[in-house]
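Heads up, the thing below is written out as structure tokens.
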Amino acid sequence: MRSSFALGLLASALTLTATAAFDCKKAQVAGHMYDLSPLAREIALDTNTTTPPTLTGTRYTLNPCAALKAEPDSVPAIDRCPEGAWVCRSVTNYKKDEKPRVTEVNAVAGKSSKDEPTLEAKASGSETPAEFHWILKGAEVEKVAWSTDIKFVCNKNAKDQDLPKVVEFKDGVLSLEWSVPAACALGSGDDKPPGNGDKDKDGSKEPIGSSGGGFFSTLFTLFVVVSTLYLVLGVMYNYLIVRASGLDLIPNRAFWREFPYLCSDFAQHVWGMVSGHRRGGYSVV
Ligand SMILES: *[C@@H]1O[C@H](CO)[C@@H](O)[C@H](O)[C@H]1NC(C)=O
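Residue 152 in this note's numbering is what sits at position 162 of the sequence shown, and the numbering runs on without skipping anything.
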């Protein structure tokens, strides 16, 4: 009973340390909120180029809000995107009267289930960013680190169903441009042109708040985890080895009983020193 409670406590402490998953519904860029969830779907972008005597088709598959789903078994394992990919690039070669052949397939963004994109506003200045970038590293191919950079542009006249444009795939970087209403900041005054929003926030290259927090929240989480571990291991030790029960299960109970008195002693001591100094200082005058 007790140990299962302790384990529960430990589990919840560990969950606290895991960073929140990338949330398309509450994406944050330079202090502004965006809802990218209308774009959450798998999209395929195809281009064909003639490469006599064959035809070469390049396909980019992507979902801005989650890693791609595993491909069906009908696709040979060797032709599938690596697991954990958010953006996949595959090249198929077509030759007259022959079966199409997949000649390249790899992740341009995301290479494990832990990978998540970051959102950055690259333009300087303190206005509501009219555009921002979605960036995620992918596989390493021939010593070149691949990555994807989707430039999101706020466009209220477009539709969220519109597809992104492939700008280029150069030096391992796939650049896309996506002009959609979902790329407009939330609550920045609906019909104001971009750039007239609230001017309270600065921060031109701030990673998204998916992991939020910062130094103090990390410190706090660490403190919680360490305290919980101390408590849990202490209770387990007392229970299993010392065979204590009841309140005696609390680790170092005697010390903690004294702790308030120690604190008040310490505070009194410090207060005595500080006020003593003051008095001394004034008495000279
Ligand atoms: C590219 O070529 C293949 C083979 O001819 C064809 O099946 C496919 O529909 C073409 N895709 C585009 C986008 O033109």
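C-beta: ideal position from N, C-alpha, C; glycine also. Here the structure is a predicted model, which means the values were calculated and not measured.
If we ignore side chains and look at the alpha-carbon of each, how far apart do Glu32 and Thr51 end up?
To locate residue 32, count along the sequence shown from 1; it is residue 42. To locate residue 51, count along the sequence shown from 1; it is residue 61. Rounded to whole angstroms, Glu32 to Thr51 spans 7 Å at the Cα level.
So Val143 and Ser165 are in contact, right, with Cβ under 8 Å, and what is the actual spacing, rounded?
One-based indexing of the sequence shown puts residue 143 at position 153. One-based indexing of the sequence shown puts residue 165 at position 175. Not quite, the Cβ-Cβ distance comes to about 13 Å (not below 8 Å), so this is no contact.
Can you tell which of Asp63, Thr118, Lys160, Trp124 has the C-alpha that lies nearest to the C-alpha of Arg79?
For the purposes of this step, residue 79 is taken as the residue at position 89 of the sequence shown. Comparing Cα positions, the closest option is Lys160.
Would you check if there are 3 or more beta carbon pairs closer than 8 Å linking the segment 83 to 90 to the segment 101 to 110?
Taking 8 Å as the limit for Cβ pairs, the verdict is that the segment 101 to 110 does not touch the segment 83 to 90.
Give the straight-line distance between the Cα atoms of Asp181 and Tyr24, rounded to the nearest whole angstrom.
In the sequence shown, residue 181 corresponds to position 191, counting from 1. In the sequence shown, residue 24 corresponds to position 34, counting from 1. Note that Asp181 has pLDDT 42, beneath the 50 cutoff, so the model's placement of it is unreliable and no number is given.
Nearest to Val222 by alpha carbon, out of Ser235, Leu239, Ser265?
Here residue 222 is taken as the residue at index 232 of the sequence shown, counted from 1. That would be Leu239, whose Cα lies nearest to the Cα of Val222.
What's the gap between the Cα of Pro171 and the Cα of Leu29?
In the sequence shown, the residue the question calls residue 171 occupies position 181. In the sequence shown, the residue the question calls residue 29 occupies position 39. Each residue's Cα considered, the two are about 10 Å apart.
Distance, Cα to Cα, Ala16 vs Ala60?
For the purposes of this step, residue 16 is taken as residue 26 along the sequence shown, with counting starting at 1. For the purposes of this step, residue 60 is taken as residue 70 along the sequence shown, with counting starting at 1. Reading off the sequence, residue 16 comes out as Lys, not Ala. Approximately 25 Å between the Cα atoms of the pair.
Helix, strand or coil: how does DSSP classify Glu158 here?
For the purposes of this step, residue 158 is identified with residue 168 of the sequence shown, where counting begins at 1. If DSSP states are grouped into helix, strand and coil, Glu158 belongs with the strands.
Express the C-alpha separation of Glu132 and Gly162 in angstroms, rounding to a whole number.
Within the sequence shown, numbered from 1, the residue matching residue 162 stands at position 172. Within the sequence shown, numbered from 1, the residue matching residue 132 stands at position 142. If I take the Cα positions, the gap works out to 10 Å.
Would you give the residue range spanned by the beta strand (DSSP E) that Phe142 belongs to?
Mapped onto the sequence shown, residue 142 falls at position 152. 134 to 144 is the extent of the beta strand (DSSP E) around Phe142.
For ligand 1, is there a heavy atom less than 7 Å away from the beta-carbon of Asp36?
For the purposes of this step, residue 36 is taken as residue 46 along the sequence shown, with counting starting at 1. Yes, ligand 1 has a heavy atom inside 7 Å of this Cβ.
Enumerate in chain order the residues of its own chain whose CB-to-CB distance from Thr93 is below 6 Å, with the five nearest sequence positions on each side excluded.
Translated into positions along the sequence shown, residue 93 becomes position 103. Correct list, in chain order: Val81, Asn83.
DSSP on Leu29, reduced to helix/strand/coil?
Stepping through the sequence shown from its first residue, residue 29 is reached at position 39. Helix.
Which residues mark the beginning and the end of the beta strand (DSSP E) in which Thr93 is found?
For this step, residue 93 is matched to residue 103 along the sequence shown. Where Thr93 is concerned, the enclosing beta strand (DSSP E) stretches over 91 to 99.
Measure the alpha-carbon distance for Val77 versus Asn53 and round it to whole angstroms.
Taking the first residue of the sequence shown as position 1, residue 77 is located at position 87. Taking the first residue of the sequence shown as position 1, residue 53 is located at position 63. Using only the alpha carbons, I get a separation of about 7 Å.
On the premise that Ala97 lies in contact with Ala75, defined as a C-beta separation below 8 Å, what is that separation, rounded to the nearest angstrom?
Counting from 1 along the sequence shown, the entry for residue 75 is found at position 85. Counting from 1 along the sequence shown, the entry for residue 97 is found at position 107. Right, their Cβ atoms sit about 4 Å apart.
Compare the Cα-Cα distances from Val156 to each of Pro119, Asn38, Leu26 and report the closest residue.
Here residue 156 is taken as the residue at index 166 of the sequence shown, counted from 1. Ranking Pro119, Asn38, Leu26 by Cα distance to Val156 puts Asn38 first.
Considering Cα atoms alone, identify which of Glu167, Cys253, Leu237 is closest to Ala148.
Residue 148 sits at position 158 when you count from the first residue of the sequence shown. When only C-alpha atoms are compared, the closest one is Glu167.
Taking all protein chains shown into account, decide if Leu152 is buried (16 or more other Cβ within 10 angstroms of its Cβ) or exposed.
Within the sequence shown, the letter at position 162 stands for residue 152. Here the sequence assigns Asp to residue 152, which means Leu is not the residue at that position. Exposed: under 16 other Cβ atoms inside 10 Å.
Compare the Cα-Cα distances from Cys14 to each of Thr46, Thr41, Leu109 and report the closest residue.
Residue 14 sits at position 24 when you count from the first residue of the sequence shown. Of the candidates Thr46, Thr41, Leu109, the one whose C-alpha sits nearest the C-alpha of Cys14 is Leu109.
Tell me whether Arg49 sits in a helix, a strand or coil according to DSSP, three-state version.
Along the sequence shown, one-based indexing puts residue 49 at 59. Reduced to three states, the DSSP call for Arg49 is strand.
I'd like to confirm something about Leu153: is its beta-carbon nearer than 7 Å to some heavy atom of ligand 1, or not?
Position 163 of the sequence shown, counting from 1, holds the residue named residue 153. Not under cutoff, so the answer is no.
Taking the alpha-carbon of Cys174 as reference, which of Pro154, Leu219, Asp150 has the nearest alpha-carbon?
Working through the sequence shown from its first residue, we reach residue 174 at position 184. Here the closest residue by C-alpha is Asp150.
With H, G and I counted as helix, E and B as strand and the rest as coil, what does DSSP make of Ser80?
As a first step, residue 80 is located in the sequence shown; it is residue number 90 there, counting from the start. Ser80 falls in the strand class under three-state DSSP.
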